[in-house]
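See structure below.
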């Protein structure tokens, strides 16, 4: 039987070498290595081999099987790239097809542009958690217990932690508190991030949106510095013809306070749309973080990044920014 195995290996490998295409190689595999192939057909003959010869014959049978399997894999790889009678030759050196080109989301681009402009004005970036406690989101910002802004209907409360309720932050003003806890004046920072409010979705409102918070605390800071900073930003970002206005308002954490409006085209009509709020930091807020309001003053502002992007790129509906429609996103 050893001679038969030797002859089988020799003839099988010779036949394999003459297989010129994948179909012929596969036919060879079926003939020699298949479940009804010649090699499988020799295994019952082991029963007729003497007890003394059986180990040697079994070992040789396994060696032939390994040799044929290795030969099959090698020949299969050789003919795979040489072309077939039913198809063109494959050029493995030819460059592959280009993948679709990715784009940065319009909001990511807007955030980077805002950070760049304020960076040139001397502001550094800061960040804070999106899940906040009531002290940082309300109390330290001069919003006491019982204030309507703390009503559950206007917030996304998460639970309790260390005796205080936690919630998804409603404003990036929380970052100014955390910054002033760690860093004493002078401070000049901006913080970009997501904020959450249970608003009804429409063309200008969304329950999750982005804000850029600005804070400047130093000696002698005035409302003139605030107005100059915001108007300089508007002209740098939107161009010298940007229409911006400030109008008196009220926020618990600033005094005096103002809202910042820009002319925007909504549903075909130019309207004044609020893009953020601002004001001089309330003395109570400074005292809450250990800053002497008799020595230092400061201004703060918060701008809605979605509305800034809408004004810059002529987008009339905030919801389009979150629908992930590639036809829309590829325009920017």
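Residue numbers (my numbering): 16 to 347. Quick reminder that beta carbons are idealized off the backbone N, C-alpha and C, glycines included.
Please list, in chain order, all residues of the same chain as residue 153 whose beta carbon is under 6 Å from its beta carbon, the five residues on each side excluded.
Closer than 6 Å at the Cβ level, and outside the excluded window around residue 153, lie 165.
Give the single residue among 143, 270 and 221 whose Cα lies nearest to the Cα of residue 332.
Minimum Cα distance to residue 332 is reached at 221.
Could you give the distance in angstroms between the alpha-carbon of residue 81 and the alpha-carbon of residue 347?
Distance between the alpha carbons of residue 81 and residue 347 is about 59 Å.
Considering just the uninterrupted stretch of the beta strand (DSSP E) at residue 209, what are its terminal residues?
Taken as a continuous stretch (DSSP letters only), the beta strand (DSSP E) holding residue 209 covers 202-211.
In this structure, how does DSSP classify residue 87 when only helix, strand and coil are distinguished?
Three-state DSSP puts residue 87 in a helix.
Alpha carbon to alpha carbon, what distance is there between residue 79 and residue 25?
Rounded to the nearest angstrom, the two C-alpha atoms are 10 Å apart.
When the distance is taken between beta carbons, is residue 188 closer than 8 Å to residue 133?
No. Outside cutoff.
On a CA-only basis, which of 124, 324, 186 and 31 is nearest residue 93? Give me that one, please.
Selected option, being the one with the closest Cα: 31.
If you reduce the DSSP assignment to three classes, tell me which class residue 236 lands in.
Coil, per DSSP.
For residue 285, is the classification buried or exposed, using 16 other Cβ atoms within 10 angstroms of its Cβ as the cut-off for buried?
It is exposed - the Cβ of residue 285 has fewer than 16 other Cβ atoms within 10 Å.
DSSP has residue 274 in a bridge; who is on the other side?
In DSSP, residue 274 forms a bridge with 262 and 292.
Looking at residue 216 and residue 334, is the spacing between their C-beta atoms short of 8 Å?
Yes, they are a contact pair.
Give the DSSP bridge partners of residue 280, in chain order.
Paired residues: 285.
Looking at the secondary structure, which residues open and close the alpha helix (DSSP H) in which residue 189 lies?
Note, residue 189: alpha helix (DSSP H), 188-197.
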